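S.K.: Those sequence lines, one after another, are chains A and B.
Under my numbering, read the first sequence as residues 271 to 483, first letter to last.
Under my numbering, read the second sequence as residues 271 to 483, first letter to last.
Where is the CB? At the ideal position from N, CA and C, for every residue including glycine.
Values in this document were obtained by computation on a predicted structure and should not be read as measured data.
Can you keep this structure in mind? I'll have questions shortly.
There are 2 protein chains.
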Amino acid sequence: MLQQPTRILLIDDHQLFNDGLQSLLNEQPDLTVCGQVFQAGKALTAIQQTSPNLVLLDVNIQGTNGIDLGKTILDNFSGIRVLMLTMYNHPKLLDEARRLGLHGYLLKDASTTDLLNGIRTVLAGNTYFDPNVTHSHPPANDPFGDDFARRLNLTFREVEIIALIREGLNNEQIADRIHLSIETVKTHRKNIYFKLGINKVSDLVRFAIEHGI
Amino acid sequence: MLQQPTRILLIDDHQLFNDGLQSLLNEQPDLTVCGQVFQAGKALTAIQQTSPNLVLLDVNIQGTNGIDLGKTILDNFSGIRVLMLTMYNHPKLLDEARRLGLHGYLLKDASTTDLLNGIRTVLAGNTYFDPNVTHSHPPANDPFGDDFARRLNLTFREVEIIALIREGLNNEQIADRIHLSIETVKTHRKNIYFKLGINKVSDLVRFAIEHGI
DNA sequence: AAAAAAATACCCCTTTCGGGGTATTGCGAG
DNA sequence: CTCGCAATACCCCGAAAGGGGTATTTTTTT
C-alpha cells in the first residue's frame, strides 16, 4: 500500500534558508513540504489550512519567540509534531523547548544527515534534541535544587530591563528611567544573566534581538 | 547548436543557504551548479576540478575573508568570473571588492530576480555591484574637518574585530584569536567606537547585527 | 621618494560590570 | 496562614571596559 508522504510546514522568516530546506526535503520521497510561513501571526491559520504532520519552527521568528509559538501549536493542535530549528546554540533554549513538551531542537548548521535524522526521529514519535548543543551546565553540581525551574522564566521586570539593556542603557540610566536603585537594576541583571546562562552584555543584546525583546 | 550550461561553483560555509541557491539556479536551464565548497582551503582545488565559469563567493567564509580569497582566485585562474555574495550591506566591502577587480557584489537578501540578474550580468562580461548597498558619503555638514570622513570607513581589521565582539568575545579572547596584543585590540576598539560614534558594547552589537557583520 | 593610512603596541586612569553575598516587603496560591 | 516568588536594595571586590594619550612599523597611495 502506498503511503502518503509526511506533510511538513516550515515556519521561518528567512526566505532563502527555507528554500534550502525545502529543496532538501523534497529530495526525500517520504517527506513533502506543505507550506511555508514567514510570520508568526500566520502560523496557526496555515496549520489549519495545510494540516501538517510536522512543524519545523525557527526559534527566532519576529514578533513572538518560536518556543512560545511552538507551545501554542501543541496546545491547539493535537497530533502535530513540533521541531524547533535554530541557529542559536543555546542550552537554555533547548531545555525550555524540552520543558514545554516540544518534540525536538535542531541546529541549523547541523549536517543534512543530522537534520533528516532529527526530523525522522521526531516523526517516529520520539524526541530529538541536538546533541551538539553544548550543555555547559550538566544538571548535577546544583547547590540548590530548583535552578532549573527558574531558568528562562523571565519576569516582567526582567524583560523590561532586557529591553533597556538592549537599547544600550547602562545600569545607572536604567535605574533613572524606571525609578529604581542602581543596586536593584544590578540584581535584576544578575538574575537575567543567571536565567539565560550568559554572562555579558553582548550575549544579552544578541539574545534580545534574536527574540524580539 | 546546443550550448553547454554555464557552470557555477558555490563557496559558502552556510550549507543550507547554498542549497537554497542551488535549487534556485537549477531552475534556470542555462545555469548549472558544478559544485559546492564549504571551506576556504578547499576552494582552489575545487576550482581546478570543476572548472567553473563563475564562482559565487561568500564574504564571510571562515578562515580567510572572502574578498581575499576572491582575489586569489582571480590571480590564479584567468577567465573565471567572481561574484561576491554576502549579507554584509557594507559599502566599504563593496568598494574593496571592486578595487581588487572582483566582478560583482550581491546581497544575500536581494530578490531572486536581482540575484539572477546580477549573475547573468557578470557572466556577460560586465560587472554588477548591488545598487542597494547604501553608499553613505555625505561629505557636507562636517563641523570639524575629517571627523566625518573617518566615520564608517571601517578597515578590514576593524570589521573583523566587530564580528568577534559581536560574537561575545572580550578583548583578551580577541587578542588570542587573531594573535594580537590586547592593547592593539583595545586600540582598534577605540577607533571603531569613534568611527561609529558609539561608546559601548551594546551599541556595537546592535550595529553589527543590523549591518550583518 | 614622500605622504597617508592601516596595523601594531604601550601607558595611565576612571568608570562600569560581573559575581558573591544578604535582607526586606508585599502579594498570591495552596 | 504560611510558603514561595517577585521586586526591591545594599555591601564588597576583582575584572573589564572606556577614554586619554603616544609611538613604531607596514602597506598603500600619490
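Which residue from B/R427, B/T425 and B/I343 puts its Cα closest to that of B/I317?
M.R.: Looking up residue 317 of chain B in the second sequence gives position 47. It is B/I343.
S.K.: State buried or exposed for B/H458, treating a residue as buried only when at least 16 other CB atoms are found within 10 Å of its CB.
M.R.: By one-based count along the second sequence, residue 458 of chain B stands at place 188. Buried, since its Cβ has 16 or more Cβ neighbours within 10 Å.
S.K.: What do you get for B/T315, buried or exposed, if any count of 16 or more other CB atoms within 10 angstroms of its CB means buried?
M.R.: For this step, residue 315 of chain B is matched to residue 45 along the second sequence. Classification of B/T315: exposed, given that the 10 Å Cβ count is below 16.
S.K.: Run through the DSSP bridge pairs and tell me what A/L377 is partnered with.
M.R.: Along the first sequence, one-based indexing puts residue 377 of chain A at 107. DSSP output for A/L377 lists A/T356 as bridge partner(s).
S.K.: Spell out a yes or no on whether the stretch 299-308 of chain B and the stretch 474-482 of chain B are touching, meaning 3 or more CB-CB pairs, one atom from each, closer than 8 angstroms.
M.R.: No: the two stretches stay apart, fewer than three of their Cβ pairs being nearer than 8 angstroms.
S.K.: Per the contact definition of three or more C-beta pairs closer than 8 angstroms, is the stretch 383-393 of chain B in contact with the stretch 344-358 of chain B?
M.R.: Yes, the stretch 344-358 of chain B is in contact with the stretch 383-393 of chain B.
S.K.: Go through its chain and collect everything with a Cβ distance to B/T320's Cβ below 8 angstroms, but skip five positions before and after it.
M.R.: The residue you call residue 320 of chain B lines up with position 50 of the second sequence. Here the set comprises R277, L279, C304 and G305.
S.K.: Using the Cβ count rule (16 or more neighbours within 10 Å means buried), how would you classify A/S472?
M.R.: Start at 1 with the first residue of the first sequence, and residue 472 of chain A comes out as number 202. By the 10 Å Cβ count, A/S472 comes out buried.
S.K.: What does A/F399 pair with, by DSSP beta-bridge criteria?
M.R.: Taking the first residue of the first sequence as 1, we reach residue 399 of chain A at position 129. Answer by DSSP bridge pairing, in chain order: A/Y375.
S.K.: Is there at least one Cβ from chain A nearer than 8 angstroms to B/Q298's Cβ?
M.R.: Residue 298 of chain B sits at position 28 when you count from the first residue of the second sequence. Not one chain A Cβ lies under 8 angstroms of B/Q298.
S.K.: Could you check what DSSP says for B/F414 in three-state terms: helix, strand or coil?
M.R.: As a first step, residue 414 of chain B is located in the second sequence; it is residue number 144 there, counting from the start. With a pLDDT of only 34 at B/F414, under 50, the local geometry of the prediction cannot be trusted, and no value is derived from it.
S.K.: Is it buried or exposed, B/Q274, if we count other Cβ atoms within 10 angstroms and call 16 or more buried?
M.R.: Here the question's residue 274 of chain B lines up with position 4 in the second sequence. Under this definition B/Q274 is an exposed residue.
S.K.: When DSSP labels each residue in this structure, what does A/D282 get in the three-state scheme?
M.R.: The residue you call residue 282 of chain A lines up with position 12 of the first sequence. Note: A/D282 maps to coil in three-state DSSP.
S.K.: Please list the residues of the stretch 452-466 of chain A that have a C-beta atom closer than 7 angstroms to any C-beta atom in chain B, keeping them in chain order.
M.R.: Of all residues in the stretch 452-466 of chain A, none has a Cβ within less than 7 angstroms of some Cβ in chain B.
S.K.: Between A/Y463 and the rest of its own chain, which residues show a CB-CB distance below 6 angstroms, the 5 nearest in sequence each way excluded?
M.R.: Numbered from 1 along the first sequence, position 193 holds the residue referred to as residue 463 of chain A. Answer for A/Y463: N469, listed in chain order.
S.K.: With a Cβ-Cβ cutoff of 8 angstroms, do A/I281 and A/L326 count as a contact?
M.R.: The residue given as residue 281 of chain A occupies position 11 in the first sequence. The residue given as residue 326 of chain A occupies position 56 in the first sequence. Against a cut-off of 8 angstroms, the Cβ pair of A/L326 and A/I281 comes out as a contact.
S.K.: Between the C-alpha atoms of B/I448 and A/D345, what's the straight-line distance to the nearest angstrom?
M.R.: Indexing the second sequence from 1 puts residue 448 of chain B at position 178. Indexing the first sequence from 1 puts residue 345 of chain A at position 75. Their backbone Cα atoms lie some 48 angstroms apart in a straight line.
S.K.: Three-state secondary structure (DSSP) at A/G305?
M.R.: Along the first sequence, read from residue 1 onward, the residue named residue 305 of chain A stands at position 35. A/G305 falls in the strand class under three-state DSSP.
S.K.: Between which two residues does the alpha helix (DSSP H) holding B/D446 run?
M.R.: Here residue 446 of chain B is taken as the residue at index 176 of the second sequence, counted from 1. Here the alpha helix (DSSP H) through B/D446 covers N441 to R447.
S.K.: Report yes or no: is there a C-beta of chain B within less than 8 angstroms of the C-beta of A/I483?
M.R.: Mapped onto the first sequence, residue 483 of chain A falls at position 213. Not one chain B Cβ lies under 8 angstroms of A/I483.
S.K.: On the DSSP letters alone, give me the boundaries of the alpha helix (DSSP H) that B/D473 sits inside.
M.R.: The count along the second sequence starts at 1 and reaches residue 473 of chain B at position 203. Start and end: V471 to E480.
S.K.: Under 8 angstroms, Cβ to Cβ, is there at least one residue of chain B near A/R436?
M.R.: By 1-based counting over the first sequence, the position of residue 436 of chain A is 166. Yes, because at least one Cβ of chain B sits closer than 8 angstroms to the Cβ of A/R436.
S.K.: Comparing alpha-carbon positions, which option in B/T382, B/L339 and B/K465 lies nearest B/L291?
M.R.: Translated into positions along the second sequence, residue 291 of chain B becomes position 21. Residue B/T382 is the option with its Cα nearest to B/L291.
S.K.: Since B/K470 meets chain A, which of its residues come closer than 9 angstroms, beta carbon to beta carbon?
M.R.: Sequence index remark: in the second sequence, residue 470 of chain B carries index 200 (1-based). The answer, in chain order, is G438, N440 and V471.
S.K.: Taking Cβ positions only, does B/V307 come closer than 8 angstroms to chain A?
M.R.: Walking along the second sequence from the start, residue 307 of chain B turns up at place 37. Judged by the 8 angstroms Cβ criterion, B/V307 is not in contact with chain A.
S.K.: Give every residue of the same chain whose Cβ lies closer than 6 angstroms to the Cβ of B/V307, excluding the five residues on either side of it in the sequence, and list them in chain order.
M.R.: Within the second sequence, residue 307 of chain B is the residue found at index 37, counting from 1. Correct list, in chain order: I281, A313 and A316.
S.K.: Within a Cβ cutoff of 8 angstroms, which residues of the same chain sit near A/R427, ignoring the five residues on either side of it in sequence?
M.R.: Locating residue 427 of chain A in the first sequence gives position 157, where the first residue counts as 1. Closer than 8 angstroms at the Cβ level, and outside the excluded window around A/R427, lie H458.
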